[in-house]
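What follows is a set of notes on a single structure, which appears directly below.
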Amino acid sequence: MNFKKAKRIKTPLSKDLVKNFRIGDWILLSGIVYTARDQAHKRLLEMIEKGEKLPLNLENAVIYYTGPSPAKPGEILGSAGPTTSARMDKYTPLLLKLGLSGMIGKGERSEEVKSALKEFGGLYLVTIGGAGAYLSERVRKAKALLWQDLGPEAIYEFILEDFPCLVAYDAYGGDYFEQARAKFKGGRK
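Okay, here's the thing in structure tokens:
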């Protein structure tokens, strides 16, 4: 990881800003992001299906797939590492259509998600799995926004500072995982 070459950006992620990034780019992300996992996504979809107004503005927003552990006394939050993103794949194309610009998680995504990122202009960012304690240090503020009955799966608003992410899928159809596999099969140079 070469964070010296990382691009510092701040949310919200406009569609024009999204176009500046390609797979393999390192980003240090600052600003507001929302957290959401499986159950929160399910509730968002239920609201959309009922025609209800969403309780948060997805326009140019970023969702981080995490369920933070409770904070120790004097801390903002506990560990906040990424969860497997594929579990949110069935919800993602619709959220991108509604204005979502970025997601942070870990692991590969479906072809439908990759197509939606290209169609609606978005980025899928991955961060360091297994480094939840380190990543939580990049969170400057955290507050539960919605559905606190879900515990760590509630929707939180985080304010990040220099949160490390790698562009895994870009708005042009690029796939970092595919590229890395091809490079590995071709031998290291």
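Mapped onto my numbering, the consecutive letters of the sequence shown carry residue numbers 7 to 195.
Backbone N, C-alpha and C fix where the C-beta goes; we use that ideal spot for every residue, glycine too.
The model shown is predicted, which means the values in this text are computed figures rather than measured ones.
Residue i burial status per 10 Å Cβ neighbour count (16 or more: buried)
i: Arg-43; result: buried
i: Glu-159; result: buried
i: Ala-148; result: buried
i: Met-53; result: exposed
i: Pro-61; result: exposed
i: Gly-157; result: exposed
i: Phe-27; result: buried
i: Ala-77; result: exposed
i: Ala-46; result: buried
i: Phe-9; result: exposed
i: Gly-57; result: exposed
Test item: CB-CB of residue i and residue j under 8 Å
i: Thr-72; j: Thr-41; result: yes
i: Ser-75; j: Asp-95; result: no
i: Val-24; j: Gly-179; result: no
i: Leu-166; j: Arg-146; result: yes
i: Leu-19; j: Asn-63; result: no
i: Leu-34; j: Phe-169; result: yes
Which of helix, strand or coil DSSP assigns to residue i
i: Glu-125; result: helix
i: Ala-150; result: strand
Spatially closest choice to residue i from the options, by CA coordinates
i: Tyr-1; options: Glu-184, Ser-85, Lys-120 and Tyr-178; result: It is not possible to answer for residue 1, since the shown part of the chain is limited to 7 through 195.
i: Arg-14; options: Asp-176, Ile-110, Gly-37 and Ala-160; result: Gly-37
i: Val-173; options: Ser-142, Ala-137, Arg-146 and Lys-120; result: Lys-120
i: Gly-80; options: Leu-19, Glu-184, Glu-143 and Arg-187; result: Glu-143
i: Tyr-182; options: Asp-22, Trp-32 and Phe-9; result: Trp-32
i: Ala-122; options: Asp-176, Leu-35 and Gln-45; result: Asp-176
i: Arg-49; options: Ala-186, Pro-170 and Gln-154; result: Gln-154
i: Glu-184; options: Gly-30, Ala-12, Asp-22 and Glu-55; result: Gly-30
i: Glu-163; options: Ala-12, Val-39 and Arg-187; result: Val-39
Own chain, CB closer than 8 Å to residue i, minus 5 neighbours either side, in chain order
i: Thr-89; result: Arg-43, Tyr-71, Thr-72, Gly-73, Gly-111 and Lys-112
i: Ala-92; result: Gly-113, Glu-114, Arg-115 and Ser-116
i: Leu-51; result: Tyr-97 and Leu-100
Cβ shell of residue i (< 6 Å), same chain only, five flanking positions each side left out
i: Lys-189; result: none
i: Leu-152; result: Pro-61 and Ile-161
i: Met-109; result: Ile-69 and Tyr-130
Sequence-distant residues of its chain with Cβ nearer than 7 Å to residue i (five each side left out)
i: Lys-87; result: First, the amino acid is wrong: residue 87 is Gly here, not Lys. Thr-72, Gly-135, Gly-136, Ala-137, Gly-138 and Leu-141, listed in sequence order.
Proximity test, Cβ basis, 8 Å: residue i and chain B
i: Ile-134; result: Absent from the structure is chain B; it holds one protein chain and no more.
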